[in-house]
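One structure below.
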Amino acid sequence: MIRFSCDSCKANYEVDDSLANRAVDCGNCHRPRTVPDAPMPTPSNPGGGFWLDEEERTARRNYNRPRPSPAPDDGQAPDGSVPSWVWYVVIIIVINIFLIPLTGSALVPR
Numbered sequence: 008m009i010r011f012s013c014d015s016c017k018a019n020y021e022v023d024d025s026l027a028n029r030a031v032d033c034g035n036c037h038r039p040r041t042v043p044d045a046p047m048p049t050p051s052n053p054g055g056g057f058w059l060d061e062e063e064r065t066a067r068r069n070y071n072r073p074r075p076s077p078a079p080d081d082g083q084a085p086d087g088s089v090p091s092w093v094w095y096v097v098i099i100i101v102i103n104i105f106l107i108p109l110t111g112s113a114l115v116p117r
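For reference, each letter of the sequence shown is one residue, going 8 to 117 in my numbering.
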């Protein structure tokens, strides 16, 4: 058996050896195609051809599947501790508590 694909639409075919070097029409795009005389690479030849192993087929099948949406951000750090931005705000507030009575103006980060 000779395995080949159409150059135009990439449809895969498997035909009898007696059709080697004969012109046939593609069943998919109806363009003329010559059946090659040498068989294309088989699954035992991993270097080429259009045969995919199970892992590659699964990867291609799952490529366009929707991904699960990430969990909503509740403002907590991943380990459950207080996020760093909270400490920044607390430090600014504490500094301002001491600066306002001493200087009469507040520290405002820019």
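Note that beta-carbon positions come from the ideal geometry of N, C-alpha and C, so glycine has one too.
Exercise. For S112, which of helix, strand or coil comes out of DSSP?
Worked result: If you number the sequence shown from 1, residue 112 lands on position 105. S112: coil per DSSP, three-state reduction.
Exercise. Roughly how many angstroms separate the alpha carbons of R72 and F105, rounded to a whole number?
Worked result: By one-based count along the sequence shown, residue 72 stands at place 65. By one-based count along the sequence shown, residue 105 stands at place 98. C-alpha separation (whole angstroms): 56 Å.
For this session: Give the straight-line distance between the Cα atoms of Y20 and S12, rounded to the nearest whole angstrom.
Result: One-based indexing of the sequence shown puts residue 20 at position 13. One-based indexing of the sequence shown puts residue 12 at position 5. So the alpha carbons of these two residues sit roughly 6 Å apart.
Exercise. Buried or exposed: which applies to N52, given that a residue is buried once 16 or more other Cβ atoms fall within 10 Å of its Cβ?
Worked result: As a first step, residue 52 must be located in the sequence shown, where it is residue number 45. In this prediction, N52 has a pLDDT of 49, which is less than 50 and means its spatial position is unreliable; what the coordinates show is noted afterwards. N52 should be labelled exposed.
Problem set entry | Beta-carbon contacts of D24 that lie in its chain and below 8 Å, excluding the five residues immediately before and after | For the purposes of this step, residue 24 is identified with residue 17 of the sequence shown, where counting begins at 1. Once the five neighbours on either side are set aside, the close Cβ partners of D24 are M8 and I9.
For this session: Take the Cβ of R40 as the centre, count every other Cβ of all protein chains shown within 10 Å, and call the residue buried at 16 or more, exposed below.
Result: Looking up residue 40 in the sequence shown gives position 33. With 16 or more other Cβ atoms within 10 Å, it is buried.
For this session: Could you spell out where the alpha helix (DSSP H) holding N69 opens and where it closes?
Result: Along the sequence shown, one-based indexing puts residue 69 at 62. From DSSP, the alpha helix (DSSP H) with N69 extends over E61 to N69.
Exercise. First and last residue of the beta strand (DSSP E) that includes P39?
Worked result: For this step, residue 39 is matched to residue 32 along the sequence shown. Unbroken beta strand (DSSP E) run through P39: P39 to T41.
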